[in-house]
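Asks:
In my numbering, the protein residues as written are 15 to 288.
#1: Buried or exposed: which applies to residue 62, given that a residue is buried once 16 or more other Cβ atoms fall within 10 Å of its Cβ?
#2: Below 9 Å between beta carbons: does that hold for residue 203 and residue 120?
#3: Grouping DSSP H, G and I as helix and E and B as strand, with all else coil, what is residue 36?
#4: First and last residue of the beta strand (DSSP E) that includes residue 256?
#5: DSSP three-state call for residue 99: helix, strand or coil?
#6: Could you tell me whether the region 132 to 151 touches the region 182 to 196, using the rule of 3 or more Cβ pairs below 8 Å?
#7: Give every residue of the same chain whose Cβ lies closer than 7 Å to the Cβ of residue 181, excluding the five residues on either side of it in the sequence, and list them in chain order.
#8: Which same chain residues end up closer than 8 Å to residue 184 when comparing Cβ atoms and leaving out the 5 residues on each side of it in sequence?
#9: Who pairs with residue 207 in a beta bridge, going by DSSP?
#10: Taking one C-beta from the region 158 to 170 and one from the region 97 to 115 each time, how about it: are there three or more such pairs within less than 8 Å?
#11: With contact counted as at least three CB pairs below 8 Å, one residue from each stretch, are the region 232 to 245 and the region 70 to 87 in contact?
#12: If you draw a straight line from the C-alpha of residue 148 to the C-alpha of residue 224, how long is it?
#13: Do you know offhand how far residue 139's Cα is from residue 163's?
#14: If residue 254 sits next to residue 281, beta carbons under 8 Å apart, how far is it from one beta carbon to the other, in whole angstroms?
#15: Give me whichever residues DSSP pairs with residue 63 in a beta bridge.
#16: Under 8 Å: does the beta carbon of residue 138 sit that close to some heavy atom of the ligand ATP?
#17: Please work out which residues of its chain come closer than 7 Å, Cβ to Cβ, to residue 267, disregarding the five sequence neighbours upstream and downstream, and give them in chain order.
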């Protein structure tokens, strides 16, 4: 896609990779400049408080994994980061800039989100699902957008599926298209909300592989998941959220194997048994 998208297609945004020879250790990653900050964030629906004073900072290039019970506030936290939900109190900052009502377009371009349900347009091919937003929002010419979309589909293992419609793809393939679609907007941050929960077990691995590659490229990621193996392998930091608050946080291996808080240990005992 001309001079724009080939550079950004598989993000060099974070410019720090994980693993292998000559890469920065994770301790360096988490000392990088803040990419996302939540300061005293509350979210209420009527009298029901879903988030109760969340304070959280995610560094540029960091992979933050969020775990916790259903209804604990994990998804709402992500939706506040990309302004799908306005906060009731507190503030959200993206790259040091406070998120306000006038910043919605900027945030939607810089913060990509992938949901549990694929949310692909059923009447559009995989290629058209990827190119719709860049063409209409960023005014990228069709030929340029299609070249970039084809490259992204190749990167997520879907070369040759450009003309396929969602109903012709497996669940894992549809979710990979959804990830590629989010990346077409050249986001600086990617949010993943239980993206494997709706998949058959044999399809989970192919989606997690794409997320591993994305993490190794240096993309800043906030990942809500119940995939504890992925959390341990890929996450730089893990937070346990329940009842609208952060109960515990630390290195994934520390939280998963020797959690300090009883509430965390109870949750993990149930999840790891299942």
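Here a beta-carbon is modelled for each residue, glycine too, at the ideal position from N, C-alpha and C. Quantities reported herein were computed from a predicted structural model and do not represent experimental measurements.
Replies: Reading off the structure:
#1: Residue 62 sits exposed, since fewer than 16 C-beta atoms from the chains shown fall within 10 Å of its C-beta.
#2: In this structure, residue 203 sits away from residue 120, with a CB-CB distance that is not shorter than 9 Å.
#3: Any reading at residue 36 must be qualified, since the residue scores a pLDDT of 34, below 50, and its modelled position is unreliable; the value itself is stated next. Residue 36 falls in the coil class under three-state DSSP.
#4: Segment 251 to 256, the beta strand (DSSP E) holding residue 256.
#5: Looking at residue 99 - three-state DSSP - the assignment turns out to be coil, as it is neither helix nor strand.
#6: Yes, since at least three Cβ pairs between the region 132 to 151 and the region 182 to 196 fall closer than 8 Å, the two stretches touch.
#7: Cβ within range, chain order: 136.
#8: Result list for residue 184: 217, in chain order.
#9: Partner residues in the beta bridge of residue 207, as assigned by DSSP, are 238.
#10: With the cut-off at 8 Å, the region 158 to 170 and the region 97 to 115 do not touch.
#11: Put simply, the region 232 to 245 touches the region 70 to 87. At least three CB pairs are less than 8 Å apart.
#12: Straight-line Cα distance between these residues: approximately 21 Å.
#13: Here the alpha carbons of residue 163 and residue 139 stand approximately 11 Å from one another.
#14: Their Cβ separation, rounded to whole angstroms, is 7 Å, which keeps residue 254 and residue 281 in contact under 8 Å.
#15: Note: residue 63 sits in a beta bridge opposite 58.
#16: With respect to the ligand ATP, the structure shown offers nothing to examine, as it has no ligands at all.
#17: Its chain contains 246 as the residues whose beta carbon lies nearer than 7 Å to that of residue 267, once the 5 sequence neighbours on both sides are disregarded; these appear in chain order.
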